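Novice:
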Amino acid sequence: AGAPAFAAEPNLASGDYITEGGWGRLTVSAQKNDRNGFSLFALGANAHMCDLEGEIVGGRATIETNEGEPDCVVDFKSVADGIAVEAGESCRFYCGARAWFAGTYLAVAPGCGDAVRAKTRDAFKRHYDRKEYGRAYALLSPLPERCAKTLHWLERGELLNDIAITQYKRGDRAGCLRTLEPLAKDAATPDDQIEIDGWLAERQSYQSILDATRFNLRLCRKPAR
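The numbering of the sequence shown is our numbering, which starts it at 133 and goes up by one.
Next comes the structure, spelled out in structure tokens:
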């Protein structure tokens, strides 16, 4: 049933891990009684996903599937920058048709974990709503570069727009335009000519990002009075 490709690794560091590009999350708990608990989530095309959890013993997790079907076997191996995950084909029981979770999960850079990013974005919004644009900008502006390796491309687009509109509010129109430069080409392209590696769900999410980008570009291109 598609055995994993490498030998199991028993010594795993506990913590949160994210794949390059941000499509997968892995949490490994501290070892207790020679076991690590884990939870794993991966997002595939068109919002299909994988979601599984269990216990790792000697670097391997074995999880039941349907009665009479082979168990899902997942191997975890420490690598230089995180944890590599391999799985047998029977693990597709825990995934949507267009999702899969095998890959390398990277140790998260400081300030880039899901909970910390969410907290930062919430704090940004509070400052922005109070018109404390300097504080809002200082909180959010480091994230796209600091977390570049593990950010999902859609979240990066959201962050760039939030940063850009804050720069506009601070009177920094040139900075706003520089921030939006990675999105400017798509924003100038008709919607039906934009090619993205995704399905309907990704296109819908990206459409809202492009709409915001076009609006913010118009604002920031206007001459200051």
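Ideal Cβ positions, reconstructed from N, Cα and C, are used throughout, including at glycine. Model, not experiment: these values are computed from the prediction.
If residue 213 and residue 172 are in contact, beta carbons under 8 Å, what's the gap, nearest whole angstrom?
Specialist: For this step, residue 213 is matched to residue 81 along the sequence shown. For this step, residue 172 is matched to residue 40 along the sequence shown. That pair is no contact at about 17 Å.
Novice: Looking only at its chain, what residues have a beta carbon closer than 8 Å to the beta carbon of residue 243, apart from the 5 residues adjacent to it on each side?
Specialist: Taking the sequence shown and counting its residues from 1, the one referred to as residue 243 is at position 111. Hits under 8 Å: 249, 252, 274, 275, 278 and 279.
Novice: In this structure, how does DSSP classify residue 227 when only helix, strand and coil are distinguished?
Specialist: Working through the sequence shown from its first residue, we reach residue 227 at position 95. Strand.
Novice: Per the DSSP calculation, residue 216 is bridged to which residue(s)?
Specialist: By 1-based counting over the sequence shown, the position of residue 216 is 84. Answer is 209 and 236, bridged to residue 216.
Novice: Between the C-alpha atoms of residue 218 and residue 229, what's the straight-line distance to the nearest angstrom?
Specialist: As a first step, residue 218 must be located in the sequence shown, where it is residue number 86. As a first step, residue 229 must be located in the sequence shown, where it is residue number 97. Approximately 18 Å between the Cα atoms of the pair.
Novice: Which partner residues of residue 168 appear in the DSSP bridge assignment?
Specialist: Along the sequence shown, read from residue 1 onward, the residue named residue 168 stands at position 36. Looking at the DSSP assignment, residue 168 forms a beta bridge with 188.
Novice: Could you give the distance in angstroms between the alpha-carbon of residue 353 and the alpha-carbon of residue 151?
Specialist: Indexing the sequence shown from 1 puts residue 353 at position 221. Indexing the sequence shown from 1 puts residue 151 at position 19. A straight line joining the alpha-carbon of residue 353 with that of residue 151 spans about 36 Å.
Novice: Using 8 Å as the Cβ pair cut-off and three pairs as the minimum, do the segment 253-269 and the segment 294-304 touch?
Specialist: yes
Novice: Buried or exposed: where does residue 347 fall if 16 or more other Cβ atoms within 10 Å of its Cβ makes it buried?
Specialist: Here residue 347 refers to the residue found at position 215 when the sequence shown is read from its first residue. It is exposed - the Cβ of residue 347 has fewer than 16 other Cβ atoms within 10 Å.
Novice: Can you tell me where the alpha helix (DSSP H) with residue 102 in it begins and where it stops?
Specialist: Here the chain has residues from 133 to 357 only, and residue 102 is not among them.
Novice: Run through DSSP, which three-state label would residue 297 get?
Specialist: As a first step, residue 297 must be located in the sequence shown, where it is residue number 165. If DSSP states are grouped into helix, strand and coil, residue 297 belongs with the helices.
Novice: Can you tell me whether residue 254 is buried or exposed? The criterion is at least 16 other CB atoms within 10 Å of its CB, across all chains shown.
Specialist: For this step, residue 254 is matched to residue 122 along the sequence shown. Taking a 10 Å sphere around the C-beta of residue 254, we find fewer than 16 other C-beta atoms and assign the residue as exposed.
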